[in-house]
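Engineer: Below you'll find the structure I mean.
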Amino acid sequence: MKNLQKIFFISLITLFSVSCSKSPTPEPEALRDYTEQYTADKTTIETFLKTHKMTVDANFDVKFDKTTVPTESIWGAGTTHNANIKERIYTENSVNYTIYYIEFQQGTGTRPCNLDGVLAAYKGRLMDDVEVATGDLGTVFDSNNAPQSYLNLDQVIRGWSEIFPQFKTGTYTANADGTISYNNFGAGVMFVPSALAYYNNSTGSIPSYSTLIFSFKLYEIKRNDQDFDGVPSWREDLNNDNYIYYLDSGVTNIDDTDGDYIPNAYDIDDDNDRVQTKFEIKNPLNGQPYNFDAIPLCPSDNKKIHVSTACQN
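Numbered by the UniProt record's numbering, the letters in the sequence shown go through residues 1 to 313 in order.
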């Protein structure tokens, strides 16, 4: 009995000690203000461009190293950046984000739209100056030199879906050993603000609120059909700018035929005639969708029948 009481007493002490030693669960960090964070991100990116040089080899592989010579830097010696640095502006959360990118090679093939799939080699880095090889700085958190599958641009970070449509695919040759050689492809590097990457989410070795660098090579694209209506999404990019977006209510969207604030690429009834697009473009002879160029035109306005308000069923 005494032994049992002793064991019980010791158990109480142990339980009390464990409960007292537990640290309180830390409160999650409040989401940072988008404008303030972008101001910090832009400073980080521009400082990196002004204090680092970039080496690009014949295969468009990239190395970064520090430099104190302004003319050697990626940015250049001026108050404004070198002409080889391009800008893509994207607005979200009332912030006009600038994505700086550099084109090594445009590509000779086809541009993706921002809803397509891309077959791309890439390397993602942090702007942390960790030496990963002699004369090469920046922790590599992900890379793929021999891609085997497509990445859908509507399912990756916004930085990718904004920059890849600025580039084109190239050509490829099937080799006797079963490998494929790619040539004349689009290649470049992008510098991405945190809000157009993972923002407050930490993933793998990427800390939250990280600005990122991606070097990339665009080999091939896969056309997607987001609403499964038989019309490839890129064909529903009505102004042919390679970008399709949802816009706020009250804002006219050129890629939305019926004005219901759903872009045609996501709208199963593009002209709002209560007949789904996939039925309007069906060839009655074989029950299959017409090829896009063969979709009949409405005689009243010469528009394809699935987007014509003059030929609504």
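Just so it is clear, CB atoms sit at the ideal spot from N, CA and C, and this is done for glycine as well.
Please go through the UniProt domain "PPIase FKBP-type" (115-222) and give each complete beta strand (DSSP E) segment of 3 or more residues, from N-terminal end onward.
Structural biologist: Counting only runs of 3 or more, we get 117-126, 131-133, 140-144, 171-174, 180-183, 186-192, 212-222.
Engineer: Quick one: grab the DSSP three-state call for residue 293.
Structural biologist: Of the three classes helix, strand and coil, the one that applies to residue 293 here is helix, per DSSP.
Engineer: Is it right to say residue 133 is buried, meaning 16 or more other beta carbons lie within 10 angstroms of its own, or is it exposed?
Structural biologist: The residue in question, residue 133, is exposed, as its Cβ has fewer than 16 Cβ neighbours within 10 Å.
Engineer: Can you tell me the Cα-Cα spacing of residue 212 and residue 107, whole angstroms?
Structural biologist: Approximately 23 Å, taken between the alpha carbons.
Engineer: Name the DSSP bridge partner or partners of residue 65?
Structural biologist: Its beta-bridge partners are 53.
Engineer: For the alpha helix (DSSP H) containing residue 278, list its first residue and its last residue.
Structural biologist: It spans 277-280 - the alpha helix (DSSP H) in which residue 278 sits, taken as one unbroken run.
Engineer: Considering just the uninterrupted stretch of the beta strand (DSSP E) at residue 100, what are its terminal residues?
Structural biologist: Segment 95-105, the beta strand (DSSP E) holding residue 100.
Engineer: In the DSSP assignment, find the unbroken beta strand (DSSP E) run with residue 85 in it and report its ends.
Structural biologist: Residues 85-92.
Engineer: So, at 7 Å on beta carbons, what are the nonlocal neighbours of residue 44 in its own chain, with the 5 sequence-adjacent residues on each side left out?
Structural biologist: Hits under 7 Å: 127, 211.
Engineer: Residues in the same chain with beta-carbon distance under 6 Å from residue 276, minus the five sequence neighbours each way, listed in chain order, please.
Structural biologist: Answer for residue 276: 268, 269, listed in chain order.
Engineer: Determine the contact status of residue 217 and residue 266, defining contact as a CB-CB distance below 9 Å.
Structural biologist: In this structure, residue 266 does not lie closer than 9 Å to residue 217 by Cβ.
Engineer: For residue 115, which option in 281, 121, 222, 199 has the closest C-alpha, if you only look at C-alpha atoms?
Structural biologist: When only C-alpha atoms are compared, the closest one is 222.
Engineer: Look at the alpha carbon of residue 13 and the alpha carbon of residue 27, and state the distance between them as a whole number of angstroms.
Structural biologist: Interpretation of residue 13 is limited by its pLDDT of 45, a score under 50 that renders its predicted location unreliable; no figure is taken from the coordinates.
Engineer: Whose C-alpha, out of 238, 260, 242, is nearest the C-alpha of residue 254?
Structural biologist: Checking every option, the nearest Cα to that of residue 254 belongs to 238.
Engineer: Does the beta-carbon distance from residue 281 to residue 295 come in below 9 Å?
Structural biologist: Yes, these two residues count as a Cβ contact at 9 Å.
Engineer: Between the alpha carbons of residue 91 and residue 97, how many angstroms are there, rounded?
Structural biologist: So the alpha carbons of these two residues sit roughly 6 Å apart.
Engineer: For residue 292 versus residue 187, is the C-beta distance shorter than 9 Å?
Structural biologist: Taking 9 Å as the Cβ cut-off, residue 292 and residue 187 do not qualify as a contacting pair.
Engineer: For residue 80, tell me which candidate among 95, 47, 177, 111 has the shortest Cα-Cα distance.
Structural biologist: Of 95, 47, 177, 111, the residue nearest in Cα terms is 47.
Engineer: How about the region 34-41 and the region 189-199: do they share at least three Cβ pairs that are nearer than 8 Å?
Structural biologist: Yes, they touch.
Engineer: Sorted by chain position, which residues of the same chain lie with C-beta nearer than 7 Å to residue 53's C-beta, five sequence neighbours on each side aside?
Structural biologist: Taken in chain order, the residues that qualify are 65, 67, 72, 73, 74.
Engineer: Taking Cβ positions, are residue 62 and residue 192 nearer each other than 9 Å?
Structural biologist: Cβ distance not < 9 Å, so residue 62 and residue 192 don't count as in contact.
Engineer: Less than 9 Å between the C-beta atoms of residue 109 and residue 185, yes or no?
Structural biologist: Yes; because the gap between Cβ atoms is below 9 Å, this pair is in contact.
Engineer: Please state whether the Cβ-Cβ distance between residue 264 and residue 111 is less than 9 Å.
Structural biologist: No. Outside cutoff.
Engineer: Hey, out of 162, 143, 124, whose CA is closest to residue 86's CA?
Structural biologist: It is 162.
Engineer: How is residue 303 classed by DSSP in three states: helix, strand or coil?
Structural biologist: Note: residue 303 maps to coil in three-state DSSP.
Engineer: What does a CB cutoff of less than 6 Å around residue 125 pick up in its chain, not counting 5 residues either side in sequence?
Structural biologist: Cβ within range, chain order: 138, 140, 213.
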